[in-house]
Amino acid sequence: MSFKLLFIHFLVTYMALSEIFLISFSYTTNTNCPSGYPKEGVGVEKEDIDKMQFAVNLEFLEAEYFLWASYGFGLDVVAPNLPMSGPPPIGARKAHLDQLTNNIIVEFANQEVGHLRSLNSTVGVFPRPLLDLSAKNFAKIFDDAFGHKLVPPFDPYRDSLSYMLSCYVIPYVGLVGYVGTNPNINGYETKRLLAGLLGVESG
Numbered sequence: 002m003s004f005k006l007l008f009i010h011f012l013v014t015y016m017a018l019s020e021i022f023l024i025s026f027s028y029t030t031n032t033n034c035p036s037g038y039p040k041e042g043v044g045v046e047k048e049d050i051d052k053m054q055f056a057v058n059l060e061f062l063e064a065e066y067f068l069w070a071s072y073g074f075g076l077d078v079v080a081p082n083l084p085m086s087g088p089p090p091i092g093a094r095k096a097h098l099d100q101l102t103n104n105i106i107v108e109f110a111n112q113e114v115g116h117l118r119s120l121n122s123t124v125g126v127f128p129r130p131l132l133d134l135s136a137k138n139f140a141k142i143f144d145d146a147f148g149h150k151l152v153p154p155f156d157p158y159r160d161s162l163s164y165m166l167s168c169y170v171i172p173y174v175g176l177v178g179y180v181g182t183n184p185n186i187n188g189y190e191t192k193r194l195l196a197g198l199l200g201v202e203s204g
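Note that the sequence shown covers residues 2 to 204 in our numbering.
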């Protein structure tokens, strides 16, 4: 199977996953944000906190994956206050990237750290969950995509192409999750936060 077919397979799979996100949050036309902007600042709606904190899981995943691949270390070095003593990721390491790709992933990593800081200042974050970013774990995903075991096993840290294939699916899941959450957000502050996150994820 060619990389093009693999790309199509991932796209179809995560389009299906997007439906799960959208259905799980349900559709609504009641955004609870009246026309016009309030004269005074509006605090974060209590009902919005859980919805936005759900995204913290994915932001931790993205931040750690991009940081380790580009810098060779993660949040415990870059922003030690954010993990809140949560366990370090399993199997994460520096990827063998060409200079251009490494520079791009550095930008991705810095953006994700910014996302976590924004979430923390608006709705708060929780301790970093245990993340399995090992090559072995990604190999299982790609074996499933191809329908058989690859020889040699897929390793996202092997080279730039392998890494870019592996990281494509992660922001897409975040994108459809934010799109599904948007109609159910009540307050101005959380809508502003979500709009900022969504704009970067969709880019």
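All C-beta atoms in this analysis are idealised placements derived from N, C-alpha and C, irrespective of residue type, glycine included.
Contacting residues, own chain, Cβ-Cβ under 7 Å from residue i (five flanking each side not counted)
i    : result
P130 : N58, F61 and G87
E65  : G75, L76, P90, A93, L132 and L134
Distance, residue j Cα to residue i Cα
i    : j    : result
P89  : E46  : 31 Å
G188 : P154 : 47 Å
D160 : E48  : 43 Å
I105 : P172 : 14 Å
E113 : Y169 : 15 Å
G115 : G125 : 13 Å
L166 : P157 : 8 Å
Where the alpha helix (DSSP H) containing residue i begins and where it ends
i    : result
D51  : K47 to Y72
N104 : Q100 to T123
S161 : S161 to T182
D144 : A136 to F147
With 16 other Cβ atoms within 10 Å as the buried cut-off, status of residue i
i    : result
S122 : exposed
A110 : buried
V152 : exposed
T191 : buried
Beta-carbon gap between residue i and residue j smaller than 7 Å
i    : j    : result
L194 : S119 : yes
Proximity test, residue i beta-carbon vs the ligand GDP heavy atom, cut-off 6 Å
i   : result
V57 : Absent from the structure shown: the ligand GDP. Ligands present: none.
Own chain residues within Cβ distance below 8 Å of residue i, not counting five before or after
i    : result
F139 : F155, D156, P157 and S167
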